[in-house]
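Trainee: Those protein sequences? They're chains R and B, same order as listed. Each step along the first sequence adds one to the number in numbering that gives the first Met the number 0, with nothing skipped, and position 228 is 227. Each step along the second sequence adds one to the number in numbering that gives the first Met the number 0, with nothing skipped, and position 148 is 147.
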Amino acid sequence: MIEVKNLIKTFGKSNAVDDISFEVKAGSIFAFLGPNGAGKTTTIKMLTTLLEPTSGTIAVNGFDPVHDEREVRSSFGIVFQDPSLDEELTALENLRFHAVLYRVPKEVRQQRIDKLLEIVELSDRKNDIVRTFSGGMKRRLEIARGLLHHPKIFFLDEPTQGLDPQTRNRIWDYIKHLNEKEGITIFFTTHYIEEAEKVAQEVAIIDHGKIVERGTPDEIKKKANAGSLEEAFLSLTGHDIREESVDAGFNQMRQHRQMMR
Amino acid sequence: MFTTIYILWLRQLKRFFRSKTRIVGSLGQPILFLFAMGYGFGSVFKQAGQGDYIQFLVPGIVAMSVLFASIFSGIEIIWDRQFGFLKETLVAPVSRLSIMIGRTLGGATVAIFQGTVIFLISFIVGFHPVSIAGALLAFLMMLITALFFTAVGTAIASTLRDSSGFQLIMNFLIMPLYFLSGALFPLAGLSGWMERIVYLNPLSYAVDGLRGGLIGVSHFGLGIDFAVMGIATAIVLVIGSHLFSKIQI
Chain R
0 MIEVKNLIKT
10 FGKSNAVDDI
20 SFEVKAGSIF
30 AFLGPNGAGK
40 TTTIKMLTTL
50 LEPTSGTIAV
60 NGFDPVHDER
70 EVRSSFGIVF
80 QDPSLDEELT
90 ALENLRFHAV
100 LYRVPKEVRQ
110 QRIDKLLEIV
120 ELSDRKNDIV
130 RTFSGGMKRR
140 LEIARGLLHH
150 PKIFFLDEPT
160 QGLDPQTRNR
170 IWDYIKHLNE
180 KEGITIFFTT
190 HYIEEAEKVA
200 QEVAIIDHGK
210 IVERGTPDEI
220 KKKANAGSLE
230 EAFLSLTGHD
240 IREESVDAGF
250 NQMRQHRQMM
260 R
Chain B
0 MFTTIYILWL
10 RQLKRFFRSK
20 TRIVGSLGQP
30 ILFLFAMGYG
40 FGSVFKQAGQ
50 GDYIQFLVPG
60 IVAMSVLFAS
70 IFSGIEIIWD
80 RQFGFLKETL
90 VAPVSRLSIM
100 IGRTLGGATV
110 AIFQGTVIFL
120 ISFIVGFHPV
130 SIAGALLAFL
140 MMLITALFFT
150 AVGTAIASTL
160 RDSSGFQLIM
170 NFLIMPLYFL
180 SGALFPLAGL
190 SGWMERIVYL
200 NPLSYAVDGL
210 RGGLIGVSHF
220 GLGIDFAVMG
230 IATAIVLVIG
240 SHLFSKIQI
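1. Is residue 93 (chain B) helix, strand or coil by DSSP?
2. Applying the 10 Å Cβ sphere with the 16-neighbour rule, what's the burial state of residue 148 (chain R)?
3. What in chain R is Cβ-close to residue 89 (chain B), meaning under 7 Å?
4. Look up residue 245 (chain B) in the DSSP assignment and say whether it is helix, strand or coil.
5. Taking only beta-carbon atoms, is residue 69 (chain R) less than 7 Å away from chain B?
6. Got a sec: which bits of the stretch 18-39 of chain B sit with their beta carbon under 7 Å from any beta carbon on chain R, in order along the chain?
7. Apart from the five residues just before and just after residue 52 (chain R), which ones in its own chain have a Cβ nearer than 6 Å to its Cβ?
8. Check each residue of the stretch 36-62 of chain B: if its Cβ is closer than 9 Å to any Cβ of chain R, include it; give the result in chain order.
9. Report the residue ranges of all alpha helix (DSSP H) runs contained in full by the stretch 167-225 of chain B; include only those spanning at least 4 residues, in chain order.
10. Please work out which residues of its chain come closer than 6 Å, Cβ to Cβ, to residue 82 (chain R), disregarding the five sequence neighbours upstream and downstream, and give them in chain order.
11. What residue does the beta strand (DSSP E) around residue 148 (chain B) start on, and which one ends it?
12. Could you give the residue range of the beta strand (DSSP E) that holds residue 285 (chain R)?
13. On the criterion of 16 or more Cβ atoms from any shown chain inside 10 Å, does residue 158 (chain B) qualify as buried, or is it exposed?
14. Would you kindly check if the distance between the Cβ of residue 238 (chain B) and the Cβ of residue 154 (chain B) is under 7 Å?
15. Roughly how many angstroms lie between the CA atoms of residue 202 (chain B) and residue 73 (chain R), to the nearest whole one?
16. Please state whether the Cβ-Cβ distance between residue 48 (chain R) and residue 78 (chain R) is less than 7 Å.
17. To the nearest angstrom, how far is the alpha carbon of residue 260 (chain R) from that of residue 98 (chain R)?
18. I need the straight-line Cα distance from residue 92 (chain R) to residue 16 (chain B), nearest angstrom please.
19. Using the three-state DSSP reduction, which class does residue 5 (chain R) fall into: helix, strand or coil?
20. Kindly list, in the order they appear in chain R, the residues whose Cβ is closer than 9 Å to that of residue 247 (chain B).
21. Relative to the C-alpha of residue 31 (chain R), which candidate in R:25, R:12, R:206, R:238 has its C-alpha closest?
22. List the whole-angstrom C-beta distance separating residue 89 (chain R) from residue 125 (chain R), where the pair is believed to meet the contact cut-off of C-beta under 8 Å.
23. Among the residues of its own chain, which have a CB less than 6 Å from the CB of residue 135 (chain R), if the five just before and after it don't count?
24. Per DSSP, what kind of secondary structure is residue 201 (chain R) in: helix, strand or coil?
25. Would you kindly report the start and end of the unbroken alpha helix (DSSP H) that includes residue 236 (chain R)?
26. Between residue 159 (chain R) and residue 191 (chain R), how many whole angstroms is the CB-CB distance? I'm expecting something under 8 Å.
27. By the criterion of Cβ-Cβ separation under 7 Å, what are the contact partners of residue 268 (chain R) in chain B?
28. So, residue 24 (chain B) versus residue 65 (chain B), is the Cβ gap smaller than 7 Å?
29. Taking just the CA atoms, how far does residue 75 (chain R) sit from residue 10 (chain R)?
30. Assuming residue 165 (chain B) contacts residue 235 (chain B) under a Cβ cut-off of 8 Å, what Cβ separation, rounded to an integer in Å, is found between them?
31. Does the beta-carbon distance from residue 1 (chain R) to residue 23 (chain R) come in below 7 Å?
32. With H, G and I counted as helix, E and B as strand and the rest as coil, what does DSSP make of residue 58 (chain R)?
33. Going by DSSP, what residue range makes up the alpha helix (DSSP H) through residue 39 (chain R)?
34. In chain order, what residues of the same chain have a beta carbon less than 8 Å from the beta carbon of residue 170 (chain R), not counting five sequence neighbours either side?
35. Within 10 angstroms of its Cβ, does residue 198 (chain R) collect 16 or more other Cβ (buried), or is it exposed?
36. Looking only at its chain, what residues have a beta carbon closer than 7 Å to the beta carbon of residue 109 (chain B), apart from the 5 residues adjacent to it on each side?
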């Protein structure tokens, strides 16, 4: 379903993604793990047409994100690492907007929206402005939105970041259910390694832009001679703390935005 | 294509009309200018033999509200980028051009709405357009101006990565454009260097066209006003959509 060969992305002089190759089988759940700044999000951006690779080839659902953008974009749904809802619109409006952009046929649009809202338990809040939602509710809404057009592949970039265990469990149960029932291929990243160990069938660990290990969770544990995937992860990527680039403009932006209103 | 344009247009409108503070805020400044300038300079203007300043000023204030509203709509892309929503539109299987067109039309609609409100408010201070046909021409100029500056805002915002450039744009682009446009003073008899700047400023032609339509007095002539703004708008729309299509997140 996804095939990546010798993928490189260079920013300035450094390689954010440095010659990685992997494949994700159709219908599987694939975890892409790595410390902050390892190249996870950059890779997802290239897979999802948001960023052009410096070199290497990618096939998503058989299409090339650089040349067949439209086909690739129709093939996947995505939950980004950072929120990507329009906070000034209601939950329902966000979903409708998505349905129009992805050409979900009018006849099934409302029915699918209702169903998904029910699944993520937001039916009673559908007419509320998204700004008033909690972090967990926004995430659930994004998941519903990403599935609205029945994608073949679902990308989730740290979907459970900052959520309480109850919500996390609920979200994973639902994702597993989707994978089993609808056969949707799942590609996700997370910092909660135990989640990956529980859910993923295949794991790739990336560090400094290179894939340092691949396999099933059991294989990786065995190779690293570790009791858990987290132990294996730490022994592969070391114990140093990584810096994540912080967007300094963000707070300033909020101030301007407030000012202009 | 058309549904995409429509849904993006609708989004711009919803965002605007839902934000009461934005509506009030965006009308406040032009109204302040209208009253303070209008009554403040009225007598000086009259003594200089230029006639009724309110009549002269209102087209300039309408241009102001259109300018601010449309640049702001274009610039909103920076916030969509920062707040993440831009990604949602950019990974959708639709062309960037239709996204850009939808946004631009939405922004222009909001700007025209604001310009029209200011136009109506100006009746309170005694403004009266010379003819209906003229007012319709002025409306057309307002539309072109709104498209032009929304596209300018889009082009600028497409190249900015965060908000730090925003104040810079306000202070070094919007305000100079406005004050050096003839919105507040007559263009006849300007000194050489200032005249050159004013003649290079597209807003001068927009203001002049509005004035030509609304009060029947124009410096360049309506033909030139429409030709300059029409061509400038076409160019900026092409540049804007090119830059927008090149956005990488």
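In this text, a Cβ means the ideal position worked out from N, Cα and C, and glycines have one as well.
Mentor: Short version:
1. As a working note, residue 93 (chain B) is residue 94 in the second sequence. Coil.
2. Taking the first sequence and counting its residues from 1, the one referred to as residue 148 (chain R) is at position 149. Result: buried.
3. Looking up residue 89 (chain B) in the second sequence gives position 90. When 7 Å is used as the limit between beta carbons, residue 89 (chain B) is near these residues of chain R: 49, in chain order.
4. Locating residue 245 (chain B) in the second sequence gives position 246, counting from the first residue. Of the three classes helix, strand and coil, the one that applies to residue 245 (chain B) here is coil, per DSSP.
5. Reading the first sequence from its first residue, position 70 is the one you call residue 69 (chain R). Interface residue, yes.
6. 18, 20, 21, 24
7. Position 53 of the first sequence, counting from 1, holds the residue named residue 52 (chain R). Only 6, 8, 45 meet the Cβ criterion.
8. Hits within the stretch: zero.
9. 174-178, 191-199, 201-214
10. Residue 82 (chain R) sits at position 83 when you count from the first residue of the first sequence. Excluding positions up to five away in sequence, the list reads 137.
11. Taking the second sequence and counting its residues from 1, one reaches residue 148 (chain B) at position 149. It is not in any beta strand (DSSP E) - residue 148 (chain B) instead sits in the alpha helix (DSSP H) that spans 131-158.
12. Nothing about residue 285 (chain R) can be reported from this structure: the residues present for chain R run from 0 to 260 only.
13. The sequence position of residue 158 (chain B) within the second sequence is 159, counting from 1. The residue is exposed, with fewer than 16 neighbouring Cβ atoms inside 10 Å.
14. One-based indexing of the second sequence puts residue 154 (chain B) at position 155. One-based indexing of the second sequence puts residue 238 (chain B) at position 239. Yes, the Cβ-Cβ distance between residue 154 (chain B) and residue 238 (chain B) is below 7 Å.
15. Taking the first residue of the second sequence as 1, we reach residue 202 (chain B) at position 203. Taking the first residue of the first sequence as 1, we reach residue 73 (chain R) at position 74. Roughly 42 Å separates the two Cα atoms.
16. In the first sequence, residue 48 (chain R) corresponds to position 49, counting from 1. In the first sequence, residue 78 (chain R) corresponds to position 79, counting from 1. No, the Cβ-Cβ distance between residue 48 (chain R) and residue 78 (chain R) is not below 7 Å.
17. Locating residue 260 (chain R) in the first sequence gives position 261, where the first residue counts as 1. Locating residue 98 (chain R) in the first sequence gives position 99, where the first residue counts as 1. Unreliable placement is indicated for residue 260 (chain R), whose pLDDT of 44 sits below 50; no coordinate value is reported for it.
18. As a working note, residue 92 (chain R) is residue 93 in the first sequence. As a working note, residue 16 (chain B) is residue 17 in the second sequence. Residue 92 (chain R) and residue 16 (chain B) have their C-alpha atoms roughly 15 Å apart.
19. Along the first sequence, read from residue 1 onward, the residue named residue 5 (chain R) stands at position 6. Residue 5 (chain R) carries a strand assignment under DSSP once its states are collapsed to helix, strand and coil.
20. Against the second sequence, residue 247 (chain B) aligns to sequence position 248. Near residue 247 (chain B) (Cβ distances below 9 Å), the residues of chain R are 44, 49, 50, 51.
21. By 1-based counting over the first sequence, the position of residue 31 (chain R) is 32. That would be R:206, whose Cα lies nearest to the Cα of residue 31 (chain R).
22. Counted from its first residue, the first sequence places residue 89 (chain R) at position 90. Counted from its first residue, the first sequence places residue 125 (chain R) at position 126. Their Cβ separation, rounded to whole angstroms, is 7 Å, which keeps residue 89 (chain R) and residue 125 (chain R) in contact under 8 Å.
23. Working through the first sequence from its first residue, we reach residue 135 (chain R) at position 136. Only residues of its own chain outside the window of five on either side were considered, and among them 162, 166 have a CB closer than 6 Å to the CB of residue 135 (chain R), listed in chain order.
24. Against the first sequence, residue 201 (chain R) aligns to sequence position 202. If DSSP states are grouped into helix, strand and coil, residue 201 (chain R) belongs with the strands.
25. Stepping through the first sequence from its first residue, residue 236 (chain R) is reached at position 237. Residue 236 (chain R) -> alpha helix (DSSP H) spans 228-236.
26. As a first step, residue 159 (chain R) is located in the first sequence; it is residue number 160 there, counting from the start. As a first step, residue 191 (chain R) is located in the first sequence; it is residue number 192 there, counting from the start. Under the criterion of beta carbons closer than 8 Å, residue 159 (chain R) and residue 191 (chain R) qualify as touching, at roughly 6 Å.
27. In this structure chain R extends from 0 to 260, so residue 268 (chain R) is not present and cannot be described.
28. One-based indexing of the second sequence puts residue 24 (chain B) at position 25. One-based indexing of the second sequence puts residue 65 (chain B) at position 66. Contact: no.
29. Here residue 10 (chain R) is taken as the residue at index 11 of the first sequence, counted from 1. Here residue 75 (chain R) is taken as the residue at index 76 of the first sequence, counted from 1. Those two C-alpha atoms are separated by around 26 Å.
30. Within the second sequence, numbered from 1, the residue matching residue 165 (chain B) stands at position 166. Within the second sequence, numbered from 1, the residue matching residue 235 (chain B) stands at position 236. Not confirmed; about 19 Å, so no contact.
31. Along the first sequence, read from residue 1 onward, the residue named residue 1 (chain R) stands at position 2. Along the first sequence, read from residue 1 onward, the residue named residue 23 (chain R) stands at position 24. Yes, the Cβ-Cβ distance between residue 1 (chain R) and residue 23 (chain R) is below 7 Å.
32. For the purposes of this step, residue 58 (chain R) is identified with residue 59 of the first sequence, where counting begins at 1. In the structure shown, residue 58 (chain R) sits in a strand (DSSP, three-state: E or B).
33. As a working note, residue 39 (chain R) is residue 40 in the first sequence. Note, residue 39 (chain R): alpha helix (DSSP H), 39-46.
34. Against the first sequence, residue 170 (chain R) aligns to sequence position 171. Around residue 170 (chain R): 138, 139, 142, 158, 159, 162.
35. Looking up residue 198 (chain R) in the first sequence gives position 199. By the 10 Å Cβ count, residue 198 (chain R) comes out buried.
36. Along the second sequence, read from residue 1 onward, the residue named residue 109 (chain B) stands at position 110. Same-chain partners within the cutoff: 11, 12, 15, 68, 72.
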